[in-house]
Amino acid sequence: DGGITQSPKYLFRKEGQNVTLSCEQNLNHDAMYWYRQDPGQGLRLIYYSQIVNDFQKGDIAEGYSVSREKKESFPLTVTSAQKNPTAFYLCASSISPNTGELFFGEGSRLTVL
Amino acid sequence: QQPVQSPQAVILREGEDAVINCSSSKALYSVHWYRQKHGEAPVFLMILLKGGEQKGHEKISASFNEKKQQSSLYLTASQLSYSGTYFCGTEMTHSSASKIIFGSGTRLSIRP
Numbered sequence: 019d020g021g022i023t024q025s026p027k028y029l030f031r032k033e034g035q036n037v038t039l040s041c042e043q044n045l046n047h048d049a050m051y052w053y054r055q056d057p058g059q060g061l062r063l064i065y066y067s068q069i070v071n072d073f074q075k076g077d078i079a080e081g082y083s084v085s086r087e088k089k090e091s092f093p094l095t096v097t098s099a100q101k102n103p104t105a106f107y108l109c110a111s112s113i114s115p116n117t118g119e120l121f122f123g124e125g126s127r128l129t130v131l
Numbered sequence: 120q121q122p123v124q125s126p127q128a129v130i131l132r133e134g135e136d137a138v139i140n141c142s143s144s145k146a147l148y149s150v151h152w153y154r155q156k157h158g159e160a161p162v163f164l165m166i167l168l169k170g171g172e173q174k175g176h177e178k179i180s181a182s183f184n185e186k187k188q189q190s191s192l193y194l195t196a197s198q199l200s201y202s203g204t205y206f207c208g209t210e211m212t213h214s215s216a217s218k219i220i221f222g223s224g225t226r227l228s229i230r231p
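Chains A and B supply the protein sequences, listed in that same order.
Residue numbers for the first sequence, in this note's numbering: 19 to 131.
Residue numbers for the second sequence, in this note's numbering: 120 to 231.
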């Protein structure tokens, strides 16, 4: 079945460590997105990519980095520069920009101790 | 700019109706509506592209005003399964750099 796979589902890390969250899709979608969700809040855009080897900063990109070397993959690194990294991270994809529905992965919950 | 959603929370009895609003200070290219159950990923409900558009079915529908600055989601004769947090997502432009920005969400609780 086609879909978006995020891993790991739960992750605990010590303060100061970099963490990479995986996002893989087999939907043949061009566009991919990373959102951050904090308890009781909406989804805030971290980074997005409309095509391979290209990506743009979202509203809260500081302390995060991404790569898009393959169409299927859009990993997110939470660096030690991110001051408050504990959150629920959601990856999404769409067929192409401006074509509607976002398909979301099941999310990765990161807790920094 | 983040769209403004209202109300922040709604509590209904089963069978009652609800309206959730999403507004922008500028005209939008499109509005998306999603529902998220606790601990799960958001699920797409519908997208509106045209000013004056109304979409959906009898139970869950949405509208997009003529100026394309406001959208409303209508939940009719609510069922327990409608519980969750509803988000509107908005696109400002139709371009290769387009991005979807979400509102802060409306938490809907349905009681038997």
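For glycine and all other residues, C-beta sits at the position ideal for the given N, C-alpha and C.
Residue i at chain A interface by Cβ criterion, 8 Å
i: B/P161; result: yes
i: B/K156; result: no
i: B/F221; result: yes
i: B/V166; result: Residue 166 of chain B is actually Ile in this sequence, not Val. Interface residue, yes.
i: B/K218; result: yes
i: B/F183; result: no
i: B/G224; result: yes
Residue of the options minimising C-alpha distance to residue i
i: A/D56; options: A/L108, A/I113, A/L120, A/S112; result: A/L108
i: B/S223; options: A/S126, A/F30, A/Y53, A/G125; result: A/Y53
i: A/Y66; options: A/L120, A/K27, A/K101, A/S98; result: A/L120
i: B/N184; options: B/L227, B/Y148, B/V129, B/R230; result: B/Y148
i: B/V150; options: B/G158, B/R132, B/S182; result: B/S182
i: B/R132; options: B/S202, B/T225, B/M211, B/C207; result: B/S202
i: A/A105; options: A/R86, A/K89, A/E87, A/G125; result: A/G125
i: A/G20; options: A/F30, A/E42, A/L29; result: A/E42
i: A/I22; options: B/Q124, B/G134, B/W152, B/A160; result: B/A160
i: A/S40; options: A/V130, A/Q74, A/G123, A/G81; result: A/G123
i: B/Q120; options: A/F30, A/N71, A/N102, A/G76; result: A/G76
i: A/N102; options: A/Q74, A/V84, A/T129, A/F73; result: A/T129
i: A/A79; options: A/E87, A/Q24, A/I69, A/Y51; result: A/Y51
i: A/Q59; options: B/Q124, B/I229, B/K169; result: B/Q124
Interface flag, residue i vs chain B, CB-CB below 8 Å
i: A/Y82; result: no
i: A/E119; result: yes
i: A/F122; result: yes
i: A/Y66; result: yes
i: A/L108; result: yes
i: A/G21; result: no
Sub-8 Å separation of residue i and residue j beta-carbons
i: B/S143; j: B/T195; result: no
i: B/I220; j: B/P126; result: no
i: A/L94; j: B/K218; result: no
i: B/K156; j: B/M165; result: no
i: B/I139; j: B/L192; result: yes
i: B/T225; j: B/T204; result: yes
i: B/K186; j: B/A128; result: no
i: B/G190; j: B/L167; result: In the sequence on display, residue 190 of chain B carries Ser and not Gly. Their beta carbons are under 8 Å apart, which means B/S190 touches B/L167 by this criterion.
i: A/H47; j: A/S111; result: yes
Under 7 Å (Cβ pairs) to chain B, residues found in the segment 31-63 of chain A: Q59, G60, L61, L63
Contact between the segment 92-106 of chain A and the segment 21-36 of chain A (3+ Cβ pairs under 8 Å): With the cut-off at 8 Å, the segment 92-106 of chain A and the segment 21-36 of chain A touch.
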